[in-house]
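Student: Let me begin by handing over the structure; questions about it come next.
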Amino acid sequence: MKHITFKSAFMAMALVCSGVAFTACEDDIEVPNNTPNPWENVGEAFGAVRSAAGARMGTTLTVRNGEAATGYVYFELSKTSDTDTQVTFTVNNDSLQSYNKKNGTSYTAYNGVTLENGGTVTIPAGQRKSDYVAVNIPAGGNGDAVAITATANDGVTVSQNNTMYVYQVAEVTIPQHNKAIKNLCYIEVNNENPLNAGEYTLSGGEPFFDIVSIFAANMNLSADGKPYIYCNDQVTFVLQHADEIIRPLQEKGIKVHLSILGNHDDAGMRSLSEEGAKAFAQELKMYADIYGFDGFDFDDEYSSYAEGSFKGSAQSGSGVVASVDECTGANYTRMLEVCREVLPKSECAFGIYWYRSDDHPVGDNLEDLIDYTVYGTYGAFRDYYSQDINNEMEAPYAITLVGENDNGNARIVPVNEEYLQTVKDNYGYFAFYNLKSTRLYTPTFDEVANILYDGQTVDWTGNVYARTEMTPVQFNEPSYDSYIGTWKVSSANSLYYFISTTDESQWWDWHNAKEFTIRIEAKEAGKTYNVYSWESDINSSGKVTDTLPFEMEFNEKYGTATISEGTFGELNGLQYVMGVGTYGGPWTANEAYSYRLETCPGGVVQMISNAAHRYGLGVFQVGEDGTYTSVPDRTEDHSCGTYTLSR
């Protein structure tokens with residue numbers, strides 16, 4: 002997270018000083034986020050009209066469902082002045098036509114736009130930036146853009162090189178849904194595209210996800226000790242393409258929120274002073290208005306007080322409290338109170354992401370300030386800690402969609418049906434984390450929807466969006482016939498059971514992954530397969546599986562095949578089964594675990610388990626008492642983990 006790129010075409014302008022005009026170059030200028038003065042190496046003074054929230058030229062302000070929109074502009078000098086500088090902003094329709102002529106656009110002026118305080122603002126002596134001026138966009142106007150120009154006193158004028166900042170204006174109709182349980186999904190935009198969340202629909206017609214949260218922007222302190230929202234390159238990309246990423250989700254009735262978390266300095270939800278909270282609230286307001294966010298998620302991680310290095314206001318500035326003792330849940334609540342003064346519940350939702358005993362707000366008025374909470378220890382279940390709140394505000398159970406076992410290999414995303422039923426019966430929210438474009442999720446979403454939404458299923462368009470692409474690639478679910486044939490199988494890991502030659506002690510050692518070849522043949526056409534030559538061990542079990550196949554059942558909806566654990570049959574007077582087991586001397590099959598063959602978006606074919614550990618798909622001999630015993634000898638390798646299939 003280093004910088005945001007701005008075009009000089011809207012930020013670099015010239016001031017006329019002592020009758021001499023100085024014009025900035027037209028090249029791109031790389032402006033590090035919160036740089037005190039990006040023009041410090043430029044010899045003469047000049048200034049710029051800018052938009053708040055880092056918005057680039059042409060950012061769209063949305064008039065949603067007939068409600069007015071707001072933008073915010075400010076003026077910045079390249080050098081401080083010894084006297085106050087008076088700046089007057091103007092809605093300038095003639096300048097918009099000049100912009101059209103220069104840039105080949107055809108914008109028409111949106112009528113009825115007004116500026117706060119008549120567009121007049123003062124830059125105090127010794128400072129470079131003016132206060133923000135609200136650009137008020139009424140509903141029901143004609144046109145699609147507004148151009149804002151500025152003039153300054155003391156002989157200062159803006160050169161003709163860059164005379165304006167332009168907002169586009171669009172009217173948007175957003176449908177409203179009111180499911181009993183709201184389903185939220187956090188999207189890691191460093192790697193993923195939020196548009197993927199809009200491709201899942203309940204069989205009843207409503208979106209599967211109610212809220213998509215852009216994860217994540219940061220709260221940081223500026224050089225003068227004020228908190229501000231910092232966006233890395235990936236979050237900035239989403240903001241710069243709000244019309245193509247945020248708006249399509251909203252037009253489906255999905256709310257879009259922005260997650261905010263700390264960033265390794267003193268700024269954080271628990272550390273802001275009253276002055277800092279007011280500055281932060283203004284930041285939130287401008288991001289909500291300019292980009293059209295429906296709400297914010299507060300994630301109190303990675304701030305200095307959580308890392309044991311809080312410096313306090315004496316070093317970091319008046320935007321934070323004096324000591325770490327003041328960084329409390331009650332101070333978190335006071336920050337929310339200040340934010341609610343400028344962003345009431347009727348305009349903006351606040352969500353709390355938490356997973357520790359001390360990283361969330363507390364207070365008698367908390368329910369008046371927030372809309373929901375998410376307990377972020379994925380797979381676990383817990384009510385809001387430290388105080389009771391209305392269950393309808395809580396997501397006490399959340400699932401990570403990363404779907405990895407403790408070795409980092411892909412696994413079937415686990416769903417706890419008991420927890421889900423408890424959410425269904427008693428709570429108002431449920432959450433997923435990190436929807437990925439490279440995984441198949443409809444089986445998991447069907448499990449969730451079946452319980453939370455009264456037996457509904459989830460329909461997926463098959464559209465897959467890469468992180469920076471606005472045009473999807475269509476995922477075609479595999480047919481039954483696509484799995485038939487010969488495959489090379491690579492296991493993620495192998496096990497080796499070792500017996501000491503000195504004292505007969507035993508332990509497990511890990512070896513490299515193994516490769517072997519299998520053959521998948523049709524059994525009942527369109528429904529089941531026989532799989533031959535599966536080798537959990539090269540020398541022993543292969544002799545069994547060459548003769549006795551195990552069965553897979555094809556699922557037409559998902560394009561997957563599931564292994565049916567159970568008896569192969571009899572060979573040389575012995576009964577054999579295929580089962581899932583792990584080390585333990587010898588392997589012990591566990592019928593609670595299973596494997597699923599699936600083709601992922603992108604074409605990778607994998608056989609993944611629902612196990613959290615290094616379980617392997619192996620061959621077991623059935624004893625007279627019904628117990629499973631591992632076929633391979635102790636000193637032979639056993640493949641395990643995720644299996645990748647290739648031709």
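Per the numbering used here, residue 2 is the first one in the sequence shown, and the count goes up by one each step.
Don't be surprised by glycine CBs; every beta carbon is placed ideally from N, CA and C.
Treat the numbers as computed from the prediction; the structure is a model and nothing was measured.
1. Can you list the beta strand (DSSP E) stretches of 3 or more residues lying completely in the segment 529 to 607, in chain order?
2. For residue 56, does the count of other Cβ atoms within 10 angstroms reach 16, so buried, or fall short, so exposed?
3. Quick one: what does DSSP say residue 205 is sitting in, helix, strand or coil?
4. Check the C-beta distance from residue 278 over to residue 339 and give it rounded, since I have them as a contact under 8 Å.
5. Name the two residues that bound the continuous beta strand (DSSP E) containing residue 641.
6. Look at the Cβ atom of residue 648, then the Cβ atom of residue 413, and state whether they are nearer than 7 Å.
7. Just to confirm, is the Cβ distance from residue 375 to residue 399 under 7 Å?
8. I believe residue 603 touches residue 590 by the beta-carbon criterion, under 8 Å. Please report the beta-carbon distance rounded to the nearest angstrom.
9. Inspect the CB distances between the segment 266 to 273 and the segment 211 to 224 and report whether three or more fall short of 8 Å.
10. Pull the bridge partners of residue 228 from the DSSP assignment, please.
11. Rounded to the nearest angstrom, what separates residue 33 and residue 77 at their Cα positions?
12. Does residue 426 pass the burial test, meaning 16 or more other C-beta atoms within 10 Å, or should it be called exposed?
13. May I ask which residues mark the beginning and end of the beta strand (DSSP E) holding residue 384?
14. Note the first and the last residue of the continuous alpha helix (DSSP H) segment covering residue 631.
15. Name the DSSP beta bridge partners of residue 294, please?
16. Out of 622, 329, 61, which has the shortest C-alpha to C-alpha gap to residue 247?
17. Could you tell me which whole beta strand (DSSP E) segments of length 3 or greater appear in the segment 348 to 433?
18. Distance, Cα to Cα, residue 24 vs residue 47?
19. Taking three-plus beta-carbon pairs below 8 Å as touching, is the segment 487 to 498 in contact with the segment 461 to 475?
20. Please tell me whether residue 260 and residue 214 are closer than 7 Å, where the distance is taken between their beta carbons.
21. On the CB-based measure, 16 or more other CB atoms within 10 Å of its CB, does residue 20 come out buried or exposed?
22. Using the three-state DSSP reduction, which class does residue 523 fall into: helix, strand or coil?
23. Please state whether the Cβ-Cβ distance between residue 150 and residue 96 is less than 7 Å.
24. Sort out for me which residues DSSP pairs residue 168 with in a bridge.
25. Taking the alpha-carbon positions, what's the residue 557 to residue 464 distance?
26. If we call anything under 7 Å between Cβ atoms a contact, is residue 183 one with residue 211?
27. Which residue's Cα is closest to the Cα of residue 229: 128, 115, 321, 195?
28. Under 6 Å Cβ to Cβ from residue 123, same chain only, skipping five residues before and after it: list those, please.
29. Looking at residue 137 and residue 115, is the spacing between their C-beta atoms short of 7 Å?
30. For residue 448, which option in 460, 169, 594, 132 has the closest C-alpha, if you only look at C-alpha atoms?
31. Return the residue from the list 622, 352, 531, 612 that minimises the CA-CA distance to residue 573.
32. With DSSP collapsed to three states, give me the class of residue 186.
33. What is the DSSP secondary structure of residue 341, reduced to helix, strand or coil?
34. Among 118, 145, 139, 144, which one has its Cα closest to the Cα of residue 133?
35. Are the Cβ atoms of residue 407 and residue 613 separated by less than 7 Å?
36. Could you tell me if residue 207 is buried or exposed, where buried requires 16 or more neighbouring beta carbons within 10 angstroms of its beta carbon?
Tutor: In terms of the structure at hand:
1. 529 to 533, 551 to 556, 561 to 565, 567 to 572, 575 to 583, 596 to 600
2. Position 55 of the sequence shown, counted from the start, is the residue given in the question as residue 56. So residue 56 counts as buried.
3. For this step, residue 205 is matched to residue 204 along the sequence shown. Looking at residue 205 - three-state DSSP - the assignment turns out to be coil, as it is neither helix nor strand.
4. Position 277 of the sequence shown holds residue 278. Position 338 of the sequence shown holds residue 339. About 4 Å; that satisfies the 8 Å criterion.
5. Walking along the sequence shown from the start, residue 641 turns up at place 640. Looking at the DSSP string, the run of the beta strand (DSSP E) that includes residue 641 is 638 to 647.
6. The count along the sequence shown starts at 1 and reaches residue 648 at position 647. The count along the sequence shown starts at 1 and reaches residue 413 at position 412. The answer is no: Cβ separation not under 7 Å.
7. Here residue 375 refers to the residue found at position 374 of the sequence shown. Here residue 399 refers to the residue found at position 398 of the sequence shown. In contact: residue 375 and residue 399 (Cβ atoms closer than 7 Å).
8. Residue mapping note: residue 603 aligns to position 602 of the sequence shown, counting from 1. Residue mapping note: residue 590 aligns to position 589 of the sequence shown, counting from 1. Actually they are not in contact, since the Cβ atoms of residue 603 and residue 590 sit about 32 Å apart, beyond 8 Å.
9. yes
10. By one-based count along the sequence shown, residue 228 stands at place 227. Answer is 222, bridged to residue 228.
11. Residue numbering aside, residue 33 sits at position 32 when the sequence shown is read from its first letter. Residue numbering aside, residue 77 sits at position 76 when the sequence shown is read from its first letter. Since pLDDT at residue 33 reaches only 37, below the 50 mark, its modelled position is unreliable, and the value read off the structure follows with that caveat. Roughly 16 Å between the two C-alpha positions.
12. Residue mapping note: residue 426 aligns to position 425 of the sequence shown, counting from 1. So residue 426 ends up on the exposed side.
13. The residue given as residue 384 occupies position 383 in the sequence shown. Counting along the chain, residue 384 falls outside any beta strand (DSSP E), and DSSP gives it neither H nor E.
14. Your numbering for residue 631 matches position 630 in the sequence shown. Where residue 631 is concerned, there is no enclosing alpha helix (DSSP H), although the beta strand (DSSP E) it sits in stretches over 629 to 631.
15. Along the sequence shown, read from residue 1 onward, the residue named residue 294 stands at position 293. Partner(s): none; residue 294 has no beta bridge.
16. Taking the first residue of the sequence shown as position 1, residue 247 is located at position 246. Minimum Cα distance to residue 247 is reached at 61.
17. 350 to 355, 373 to 376, 399 to 401
18. Here residue 24 corresponds to residue number 23 of the sequence shown, with the count starting at 1. Here residue 47 corresponds to residue number 46 of the sequence shown, with the count starting at 1. Low confidence applies here, because residue 24 scores a pLDDT of 27, under 50, leaving its location unreliable; read the following figure in that light. Roughly 8 Å separates the two Cα atoms.
19. no
20. For the purposes of this step, residue 260 is taken as residue 259 along the sequence shown, with counting starting at 1. For the purposes of this step, residue 214 is taken as residue 213 along the sequence shown, with counting starting at 1. In contact: residue 260 and residue 214 (Cβ atoms closer than 7 Å).
21. Reading the sequence shown from its first residue, position 19 is the one you call residue 20. Only weak support is given to the placement of residue 20: the predicted model assigns it a pLDDT of 27, under 50, and the question is left unresolved by the model.
22. Within the sequence shown, numbered from 1, the residue matching residue 523 stands at position 522. In the structure shown, residue 523 sits in a strand (DSSP, three-state: E or B).
23. Walking along the sequence shown from the start, residue 150 turns up at place 149. Walking along the sequence shown from the start, residue 96 turns up at place 95. The answer is yes: Cβ separation under 7 Å.
24. On the sequence shown, residue 168 is found 167 positions in, with the first residue counted as 1. For residue 168, which the question treats as bridged, DSSP gives the partners 147.
25. Along the sequence shown, one-based indexing puts residue 557 at 556. Along the sequence shown, one-based indexing puts residue 464 at 463. Spanning the two alpha carbons is a distance of roughly 18 Å.
26. What you label residue 183 is simply residue 182 of the sequence shown in a count that begins at 1. What you label residue 211 is simply residue 210 of the sequence shown in a count that begins at 1. Cβ atoms of residue 183 and residue 211: closer than 7 Å.
27. One-based indexing of the sequence shown puts residue 229 at position 228. Closest option to residue 229, Cα to Cα, is 321.
28. One-based indexing of the sequence shown puts residue 123 at position 122. Excluding positions up to five away in sequence, the list reads 85, 87.
29. For the purposes of this step, residue 115 is taken as the residue at position 114 of the sequence shown. For the purposes of this step, residue 137 is taken as the residue at position 136 of the sequence shown. Yes, the pair counts as a contact, with Cβ atoms nearer than the cut-off.
30. Working through the sequence shown from its first residue, we reach residue 448 at position 447. Measuring from the Cα of residue 448, the nearest candidate turns out to be 460.
31. Within the sequence shown, numbered from 1, the residue matching residue 573 stands at position 572. The residue with the shortest Cα to Cα distance from residue 573 is 622.
32. Here residue 186 is taken as the residue at index 185 of the sequence shown, counted from 1. Correct three-state label for residue 186: strand.
33. The residue you call residue 341 lines up with position 340 of the sequence shown. Three-state DSSP puts residue 341 in a helix.
34. Within the sequence shown, numbered from 1, the residue matching residue 133 stands at position 132. Cα-wise, what sits closest to residue 133 is 118.
35. On the sequence shown, position 406 is the one that residue 407 refers to. On the sequence shown, position 612 is the one that residue 613 refers to. In this structure, residue 613 lies closer than 7 Å to residue 407 by Cβ.
36. Translated into the one-based positions of the sequence shown, residue 207 becomes position 206. By the neighbour-count rule (16 or more Cβ atoms within 10 Å), residue 207 is buried.
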